[in-house]
Amino acid sequence: MTQVILFNVLNGLIVGAFYALMALGLSLILNLSGVINFAHGGFLALGAYLAYSLAPYLGFWGGLALAPFLTAALGLIIERVLIRRLYGRDPLYSLLLTFGLAFIFQDALRFLWGAQSVPYQIPGWLASPLSASLFFLTGYRVFMVVIVALAVTALFLILGYTRLGIRIRAGTLDLDTVSVLGVNVRVLRNLNFGLGIYLAGLAGVLAAGMLGLSPTIGDTLIMPSFVAIIVGGLGSLPGTLAGGLLIGIASGLTAVFLPAGTEAVIYVMMALVLMVRPHGLFGDAGRLR
Amino acid sequence: MKNLEGRIGTIILWLLLLTAPYWMPLFGGYTGLGTRVLVLALAAMSVNFLLGFTGVLSFGHAAFFGLGAYGAGMTIKYIYASTMLGLAIGVLVGILGAMIIGAMIVRLRGVYFAMVTIAFGQVFYFVAFRWSSLTGGDDGLTGWKRVPLDLGVTQIDILHNDIAFYYLVLVCVAVCSAAMALLLRSPFGRTLLAIRENERRARFLGIPVDKHIWMSFVCSAAFCSVAGALYAYLDNFVDPRAFRWEQSGDFVIMAVLGGMRSFWGPLIGAAVFVVLQDKISSVTDYWMSILGLLFVLAVVFFPRGVLGVVKRKQGL
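Top line first, the protein sequences correspond to chains A and B.
Using the numbering used here, you'd call the opening residue of the first sequence number 1 and step up by one each time.
Using the numbering used here, you'd call the opening residue of the second sequence number 290 and step up by one each time.
Here is the structure:
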């Protein structure tokens with residue numbers, strides 16, 4: 001029994017790390033620009049398929065390195081051409097815009113790569129279990145957690161110590177003042193959007209190795225990411241990270257005792273958090289209004 | 290003048306709706322399509338009650354749409370075969386869900402309110418999806434049919450007569466929209482408008498803003514669950530997709546497409562949406578991207594919606 005619980009907690013942690021990666025990207029964009037990016041799942045799937053198409057030429061590692069950047073480049077363009085127009089308006093409009101984009105993404109992926117799901121090759125040494133007693137712990141799962149940890153560390157280093165990161169954090173608190181101080185807010189929001197999409201693309205490549213590829217791969221992952229943001233707290237990136245890990249572990253544990261409830265439990269958790277702290281565990285109460 | 294024009298417009302609209310089963314075939318439509326427009330229009334109007342007249346965006350109304358649909362279908366299947374009883378129970382279930390969810394989210398605003406409503410909708414999706422012994426799971430709730438109405442003196446066969454069912458739906462839409470209009474004209478409705486225009490000022494005037502938003506949320510969800518129950522009757526079928534966030538998004542798009550500051554705007558939006566979906570999906574497999582493109586263009590270029598553009602042209 002202990003081993004089953006341990007297995008599910010670890011598994012939940014891996015899934016949670018994954019939710020966190022996606023939720024951090026969403027959260028970055030939401031905090032600075034007030035845009036809920038419904039198309040995030042579409043970007044994730046695009047990252048996965050780009051890696052799939054690049055793999056024959058560049059191998060697994062080339063795909064992993066390059067695909068997220070290409071995805072981010074598309075993100076920069078879409079922000080520049082479409083999303084930027086709606087910043088001054090009611091958040092309703094940007095929400096509907098990304099909602100429409102999500103539809104377009106799904107069809108475009110289906111058109112370009114087909115509706116059937118395809119397997120994604122990972123290096124053989126990553127696919128095998130690490131040890132006989134811990135058979136569930138394939139190298140790939142550990143590898144995923146390592147990559148997520150590296151990406152999250154890099155993100156927090158960027159936000160903490162680079163000029164861009166400091167400006168993003170300042171803009172999250174008070175964009176008008178940042179603008180008055182001479183920072184080009186348009187460029188800042190553009191780069192921030194690209195950074196968020198980069199994380200989505202990276203999440204996509206990692207997901208492809210575990211789940212295989214299908215045009216709707218992002219759909220099942222975007223809702224838990226929303227929940228991670230809400231549980232972790234509005235406006236707090238460490239909160240988002242913690243939220244993702246928490247809901248991952250919660251659904252892992254539920255899988256032991258009530259397998260049918262693995263999806264529902266995260267929403268129950270969200271309801272509990274909202275009742276006690278409407279602004280989330282680590283959130284900023286001032287952001288509610 | 291404006292009032293008179295509005296009244297004439299409403300009369301023309303109702304004349305068109307009352308005669309729709311007879312003129313629609315001339316333009317390549319069919320009665321089921323008209324019924325679908327009405328049902329989704331009611332859902333979009335309910336979303337707009339909250340969005341256009343209270344200033345709160347719910348992106349999770351599919352939850353109440355689905356609760357109404359499953360409530361009605363399961364009543365007929367498991368409890369008692371009566372169309373009206375199913376409708377009543379569906380609406381009650383929807384209201385109950387809205388009261389609970391509303392209480393949890395009423396302190397949130399703006400984009401966060403939207404995000405939490407999206408997430409809550411998913412709970413019901415997973416319950417409907419997983420609890421297959423009761424709900425039929427992914428295959429949907431089947432094995433039941435809407436029942437002819439028994440009025441004592443006479444029976445109305447809404448099961449086999451599509452046109453009779455159309456008129457039943459029209460009566461429901463009429464009752465609900467009358468109720469919405471009355472609510473909006475009452476002191477309660479005026480208070481909602483005040484909150485939409487300036488929440489802080491409303492608060493300073495001593496209005497319990499959170500309570501009003503909660504009440505508006507519950508009213509709106511009640512109308513949406515009526516639409517859900519009718520939607521279940523339309524095909525004698527419900528599946529978990531009725532709960533999905535895409536469904537909620539469709540309602541919001543209909544409201545915005547038609548013009549969210551106008552009372553009948555969502556109906557026009559729903560008509561445009563349903564007819565386009567019907568036509569495009571019969572031509573190409575990739576209808577979703579065409580609709581998506583339409584949303585993107587509408588949002589970027591016509592944020593006021595069809596009726597909004599018409600009104601601005603007239604200088605109203």
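For every residue, glycine included, the Cβ atom is placed at its ideal position computed from N, Cα and C.
Rounded to the nearest whole angstrom, the C-alpha separation of B/Val328 and A/Ala72 is 41 Å. Annotated as distal: A/Pro215 and A/Trp61, with beta-carbon spacing of 9 Å or more. DSSP places A/Gln121 outside both helix and strand once states are collapsed to three, so it counts as coil. Inclusion of B/Phe354 and B/Phe526 in the CB contact set at 9 Å is not warranted, their separation being larger than that value. Neighbours of B/Ser505 across chain A, judged by C-beta separation under 7 Å, do not exist; the nearest C-beta is about 17 Å away. Apart from the 5 residues on each side of it in sequence, A/Leu234 sits with its Cβ closer than 6 Å to the Cβ of His279, Gly280, Gly283, Arg287 in its chain, given in chain order. About 6 Å separates the beta carbon of A/Ile168 from that of A/Leu32, a gap short enough to meet the 8 Å contact definition.
Cβ contact annotation for B/Ala559 (same chain, cutoff 6 Å, sequence separation greater than five): Val326, Leu329, Ala330, Ala333, Met543, in chain order. In the three-state reduction of the DSSP assignment, A/Gln116 falls in the coil class, being assigned neither a helical nor a strand state.
One Cα belongs to A/Ala51, the other to A/Val187, and the distance between them is close to 27 Å. In the DSSP assignment, B/Ile445 is bridged to B/Leu438. Under the three-state reduction of DSSP output, B/Val345 falls in the coil class, being neither helix nor strand. When Cβ-Cβ separations below 9 Å define contact, A/Glu79 makes no contact with chain B. Nearest neighbour of B/Ala453 by Cα position, chosen from B/Cys465, B/Val436, B/Ala468, B/Pro555, turns out to be B/Val436. Listed as beta-bridge partners of B/Leu430 by DSSP are B/Val527. Under the 9 Å criterion on CB atoms, B/Arg485 is classed as non-interfacial with respect to chain A. Taking every protein chain shown into account, the CB of B/Thr573 has fewer than 16 other CB atoms within 10 angstroms, so this residue is exposed. The secondary-structure analysis by DSSP pairs A/Leu213 across a beta bridge with A/Val118. The C-beta of B/Tyr575 comes closer than 9 Å to at least one C-beta of chain A.
Note on geometry: alpha-carbon atoms of A/Leu30 and A/Ser128 lie some 38 Å from one another. Unbroken beta strand (DSSP E) runs of no fewer than 3 residues, entirely contained in the region 59–96 of chain A, are not found. Residue ranges of uninterrupted beta strand (DSSP E) with 3 or more members are absent from the region 345–405 of chain B; none lies entirely inside it. Judged by pairs of C-beta atoms under 8 Å, the region 261–278 of chain A touches the region 390–399 of chain B, as three or more such pairs exist. DSSP, read as helix, strand or coil, puts A/Thr220 in helix.
For B/Val464, the number of other beta carbons within 10 angstroms of its own is below 16, and it is reported as exposed. The residue among B/Ser537, B/Ile579, B/Phe552 with its C-alpha nearest the C-alpha of B/Val405 is B/Ser537.
Out of B/Thr424, B/Met504, B/Pro310, B/Asp539, the CA that lies nearest to the CA of B/Gly478 is found in B/Met504. Taken atom to atom, the span from the alpha-carbon of B/Phe316 to that of B/Asp567 is near 13 Å. For secondary structure counted as the alpha helix (DSSP H) over 4 or more consecutive residues, the region 464–503 of chain B holds these complete runs in sequence order: 476–486, 488–493.
Taking a contact as a CB-CB distance under 8 Å, the pair A/Phe226 and B/Ala408 counts as one, their CB atoms being some 5 Å apart.
It is roughly 11 Å from the alpha-carbon of A/Leu173 to the alpha-carbon of A/Ser236. Annotated three-state conformation of A/Glu263 is coil, per DSSP. In the assembly as shown, A/Arg189 is a buried residue. Its beta-carbon has 16 or more other beta-carbons within 10 Å.
A distance below 7 Å between beta-carbons, with the five flanking residues on each side excluded, links A/Ile122 to the following residues of its chain, in chain order: Phe60, Tyr140, Gly209.
Among the residues of the region 388–407 of chain B, those with a Cβ less than 8 Å away from any Cβ of chain A are Met393, Ile394, Arg396, Leu397, Arg398, Gly399, Val400, Tyr401, Ala403, Met404, Val405, Ile407, in the order of the chain.
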